[in-house]
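Peer 1:
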Amino acid sequence: MVLSLGFISVTVPIDWTPKQFQKYYYKWVGPSGYVSAPDSVPEKRVEVEDICPPDHKGWRPGQVIEGVNILPSAACLSDNPHAVAAFVKGTNNVSHMTLMESKLAPDAVVKGADLDGDGDPDIIHIRLEVMELNGGSPDLAESITSFDIAPGIQPGLWVFTPKTFGMSTENFESLKANRMLRAPSPVIRVEQGDQIKITLENTHYMPHTIHLHGVDHPFVDADGNGNDGVPQTSELPLMPGKSRTYDINPRQTGTMFYHCHVQPQIHIMMGLQGMFVVEENKPNNWLQTLNIGAGQVRHQSVAINEKYDAEYDLHYQTIDKELHELIQQTNDARLTVKDMHRNYDITDSTVDYYLLNGRSFPYTIQESIVAVKPDQLIKFRVLNGGSEGISLHTHGHKFTITHYDGIGVAPIAQITRDVVWVAPAQRVDLDINTTNDGLHNYGEGAWIFHDHVEMAVTNDGISPGGSGSAIVYEKYMTEGGMPRGLGVDWNKFFSPEYYSREIPVWSSYDPLGLFADVEPDSQWMVKLISLGVALGVFLLSLLGLLRRSK
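Just so we're aligned: 479 in the numbering used here is position 457 of the sequence shown, and the numbers increase by one with no gaps anywhere.
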């Protein structure tokens, strides 16, 4: 017992003792000698993803398919041009080869008669399904139909998708979702005055509806059935395996919203939401009815072509890991339903990931980059589908706000600024003028734009991440479709290890390791273990004495 007490006195760190004792200790023993700092940990070598994969399928260049003029895409990863052509002409009006290349079902977007004789179809029938991404599997440890929002990050998601055929994955050897199945739900584009039918085929294991938020639509359809998508006041939710058609004949143009209205605090946040655009009625106005993944519109409407050089759909979302991981924990739908709708409390939620068009940085740069030239006018349609407001800020430019929630702002009242607030569920249309006049633009460059709520530039707290992307001028764009930056090396951002906190943030330009991780102090650990052993011996000895005294 005496020996253990002596050992404890030697191994107890002096810093743990009272300050008065330390004063006398140093007076008697003298100050401790110099202790060198622990060594730095060598930088971990990690496998980096291909930052900009080669365009083997030839999707990026401008091309004509089925007579449809498809704009070039400067982005590293572009939309499937065969799908764009099918969305413009209608899946019922394209060749078998185009349909096969698009992976769309023949009845995904059916375009019919030209009722007003102006050269474009006015009867449109769209069929949507519900898809789960990154869900749990009864057979595999990995998520199935996987969709990474950033390197190594796969939260569970639900999305509306166009009706497709074939496998949900890229091929039978892959777990990765095919390009038609992704977040966000597709942008729907229709023409003012058209007769629109949207059929929801519920391919999911929970009930769902579609609510046409801000879109001109009747409360009931021609048969007297509910047409608003709200279970409490309109129609019953659509059960798994059932289908329901919504009728629309929109009179008002603008940027709107559609989403599920069943348990909206869960289903909207899980991803069952999308942008809905009503375009002005013009002759020969063949629209790209669906824009998969949002982003650049590669076949613009007549009205947009008359005024703008390019158009981009920007859909913002937020993710709470606690909610989105629930669908990965069990394959029993009853348990998932209870966990999501009764056990999960959205009032206690926190946002971990911020998305732009279904991705977080650095993947936003691969897909949602805005490519421009000097002296252009670009249109942004912005939808905030997240749980928090967005403080949208651009470098090198100032936005002009032209519309709120689809309603035009009178020219005399339009505001030009570099920060625009977008509330949850709100839509804002913005003009970007690339004229170098010191107001609208400060000159060519690779100018980022991002949510200036600082959490939104991180992936679960690690920066850079979040919903940021960039407006990049032609001379600052690489041939592969990435910004020609003058700053840090981006390679580490394309590794899962960076976002799992395994790589120091400044490692790429810190060759001396000034900000490296620190090697653990092995002597400290030995002393701590020894102290624990000595305390154990002391306590056992004390217990022994107490027993003998009885």
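A virtual CB, placed ideally from N, CA and C, is assigned to each residue, including glycine.
These figures come from a predicted structure and were not determined experimentally.
M278 by DSSP, collapsed to three states: which one?
Peer 2: Start at 1 with the first residue of the sequence shown, and residue 278 comes out as number 256. In this structure, M278 counts as strand in the three-state DSSP scheme.
Peer 1: Reducing DSSP to helix, strand and coil, say where E328 ends up.
Peer 2: For the purposes of this step, residue 328 is taken as residue 306 along the sequence shown, with counting starting at 1. In the structure shown, E328 sits in a helix (DSSP, three-state: H, G or I).
Peer 1: Are the Cβ atoms of V607 and V494 separated by less than 8 Å?
Peer 2: As shown, the chain starts at 23 and ends at 572. That puts residue 607 outside it, with no answer to give.
Peer 1: Can you give me the C-alpha to C-alpha distance between Q176 and T191, rounded to a whole angstrom?
Peer 2: As a position in the sequence shown, residue 176 is number 154, starting the count at 1. As a position in the sequence shown, residue 191 is number 169, starting the count at 1. Looking at the two C-alpha atoms, the distance is approximately 15 Å.
Peer 1: How would you call Y280, buried or exposed, if buried means at least 16 neighbouring beta carbons within 10 angstroms?
Peer 2: Sequence index remark: in the sequence shown, residue 280 carries index 258 (1-based). Counting every other CB atom within 10 Å of its CB across the protein chains shown gives Y280 a total of 16 or more, marking it as buried.
Peer 1: Taking F515 as the reference, which of S491, G408, G487, V479 has the closest Cα?
Peer 2: For the purposes of this step, residue 515 is taken as residue 493 along the sequence shown, with counting starting at 1. For the residues S491, G408, G487, V479, the minimum Cα distance to F515 belongs to G487.
Peer 1: Does the Cβ-Cβ distance between A105 and M202 come in under 8 Å?
Peer 2: In the sequence shown, residue 105 corresponds to position 83, counting from 1. In the sequence shown, residue 202 corresponds to position 180, counting from 1. Cβ distance < 8 Å, so A105 and M202 count as in contact.
Peer 1: On the three-state DSSP scale, how would you describe V369?
Peer 2: Walking along the sequence shown from the start, residue 369 turns up at place 347. The question names Val, but residue 369 in the sequence shown is Thr. DSSP places T369 in helix when its eight states are reduced to three.
Peer 1: Would you say the beta carbon of H289 comes nearer than 7 Å to a heavy atom of the ligand HEM?
Peer 2: What this structure holds is no ligand at all, so the ligand HEM is not there to describe.
Peer 1: Excluding the 5 residues flanking A271 on each side, which residues of the same chain have their C-beta closer than 6 Å to its C-beta?
Peer 2: Here residue 271 refers to the residue found at position 249 when the sequence shown is read from its first residue. The sequence given here has Asn at residue 271, not Ala. For N271, where only same-chain residues beyond five positions count, the Cβ hits under 6 Å are Q217.
Peer 1: Do F109 and Q310 have their CB atoms nearer than 8 Å?
Peer 2: Position 87 of the sequence shown, counted from the start, is the residue given in the question as residue 109. Position 288 of the sequence shown, counted from the start, is the residue given in the question as residue 310. Going by C-beta atoms, F109 is nearer than 8 Å to Q310.
Peer 1: Give the straight-line distance between the Cα atoms of N513 and T457, rounded to the nearest whole angstrom.
Peer 2: For this step, residue 513 is matched to residue 491 along the sequence shown. For this step, residue 457 is matched to residue 435 along the sequence shown. So the two alpha carbons sit approximately 33 Å from each other.
Peer 1: Taking the C-alpha atoms as reference points, what is the distance between T369 and T277?
Peer 2: Sequence index remark: in the sequence shown, residue 369 carries index 347 (1-based). Sequence index remark: in the sequence shown, residue 277 carries index 255 (1-based). One C-alpha to the other measures close to 29 Å.
Peer 1: Find the nearest neighbour of I391 within the set M499, E213, I484, judged by alpha-carbon distance.
Peer 2: Taking the first residue of the sequence shown as position 1, residue 391 is located at position 369. Checked all of M499, E213, I484; the closest Cα to I391 is M499.
Peer 1: If we require 4 or more residues per run, which alpha helix (DSSP H) segments fall completely within the stretch 395-427?
Peer 2: none
Peer 1: Can you check which of these residues, Q254, Q350, D136, is closest to A163 by C-alpha distance?
Peer 2: One-based indexing of the sequence shown puts residue 163 at position 141. If we check each option's Cα against that of A163, Q350 comes out closest.
Peer 1: To which residues does DSSP link W443 through a beta bridge?
Peer 2: One-based indexing of the sequence shown puts residue 443 at position 421. In the DSSP output, where bridge partners are listed per residue, W443 has S413.
Peer 1: Curious, which full-length beta strand (DSSP E) runs of at least 3 residues does the stretch 482-532 contain?
Peer 2: 491-495
Peer 1: Which stretch, first to last residue, makes up the alpha helix (DSSP H) that contains P184?
Peer 2: Residue 184 sits at position 162 when you count from the first residue of the sequence shown. Looking at the DSSP string, P184 is not in any alpha helix (DSSP H); the run it does join, the beta strand (DSSP E), is 179-184.
Peer 1: Out of curiosity, what's the CA-to-CA distance linking C282 and I525?
Peer 2: Residue 282 sits at position 260 when you count from the first residue of the sequence shown. Residue 525 sits at position 503 when you count from the first residue of the sequence shown. Spanning the two alpha carbons is a distance of roughly 40 Å.
Peer 1: On the DSSP letters alone, give me the boundaries of the beta strand (DSSP E) that S265 sits inside.
Peer 2: What you label residue 265 is simply residue 243 of the sequence shown in a count that begins at 1. Residues 265-270.
Peer 1: Counting only runs of 4+ residues fully inside the stretch 91-172, write out the alpha helix (DSSP H) ranges in chain order.
Peer 2: 103-111, 118-124
Peer 1: Using 8 Å for Cβ pairs, my map puts I454 next to M362. What's the rounded Cβ distance?
Peer 2: Along the sequence shown, one-based indexing puts residue 454 at 432. Along the sequence shown, one-based indexing puts residue 362 at 340. Contact between I454 and M362 does not hold, since the beta-carbon distance rounds to 39 Å and is not under 8 Å.
Peer 1: Would the stretch 203-222 count as touching the stretch 297-314 if we require 3 or more Cβ pairs under 8 Å?
Peer 2: With three or more CB-CB distances shorter than 8 Å, the stretch 203-222 counts as touching the stretch 297-314.
Peer 1: Taking Cβ to Cβ, would you say N353 is nearer than 8 Å to G178?
Peer 2: The count along the sequence shown starts at 1 and reaches residue 353 at position 331. The count along the sequence shown starts at 1 and reaches residue 178 at position 156. Taking 8 Å as the Cβ cut-off, N353 and G178 do not qualify as a contacting pair.
Peer 1: Count Cβ pairs between the stretch 312-328 and the stretch 96-105 that sit closer than 8 Å; are there 3 or more?
Peer 2: In short, these stretches touch, since the Cβ pair count reaches three.
Peer 1: From the DSSP output, in three-state form, read off R449 for me.
Peer 2: Here residue 449 is taken as the residue at index 427 of the sequence shown, counted from 1. Here R449 sits in strand by DSSP.
Peer 1: By a C-beta neighbour count over all protein chains shown, 10 Å radius and 16 as the cutoff for buried, is S573 buried or exposed?
Peer 2: What is shown of the chain runs 23 to 572, which leaves residue 573 out entirely.
Peer 1: Count the CB pairs spanning the stretch 254-269 and the stretch 220-231 that are closer than 8 Å, and state whether there are at least three.
Peer 2: yes
Peer 1: I need the DSSP call for I437, collapsed to helix, strand or coil.
Peer 2: Walking along the sequence shown from the start, residue 437 turns up at place 415. DSSP places I437 in coil when its eight states are reduced to three.
Peer 1: Would the beta-carbon of M477 fall within 8 Å of that of C74?
Peer 2: Start at 1 with the first residue of the sequence shown, and residue 477 comes out as number 455. Start at 1 with the first residue of the sequence shown, and residue 74 comes out as number 52. Not closer than 8 Å, so no.
Peer 1: Among S196, F194, H147, whose alpha-carbon lies nearest the alpha-carbon of P184?
Peer 2: Residue mapping note: residue 184 aligns to position 162 of the sequence shown, counting from 1. Considering only alpha carbons, the answer is H147.
Peer 1: In this structure, does DSSP put R569 in helix, strand or coil?
Peer 2: For the purposes of this step, residue 569 is taken as the residue at position 547 of the sequence shown. If DSSP states are grouped into helix, strand and coil, R569 belongs with the helices.
Peer 1: Given a threshold of 16 other Cβ atoms within 10 Å of its Cβ, counted over all protein chains shown, does T372 qualify as buried or as exposed?
Peer 2: In the sequence shown, residue 372 corresponds to position 350, counting from 1. Taking every protein chain shown into account, the CB of T372 has fewer than 16 other CB atoms within 10 angstroms, so this residue is exposed.
Peer 1: Express the C-alpha separation of Y464 and L508 in angstroms, rounding to a whole number.
Peer 2: Residue 508 sits at position 486 when you count from the first residue of the sequence shown. Residue 464 sits at position 442 when you count from the first residue of the sequence shown. Straight-line Cα distance between these residues: approximately 17 Å.
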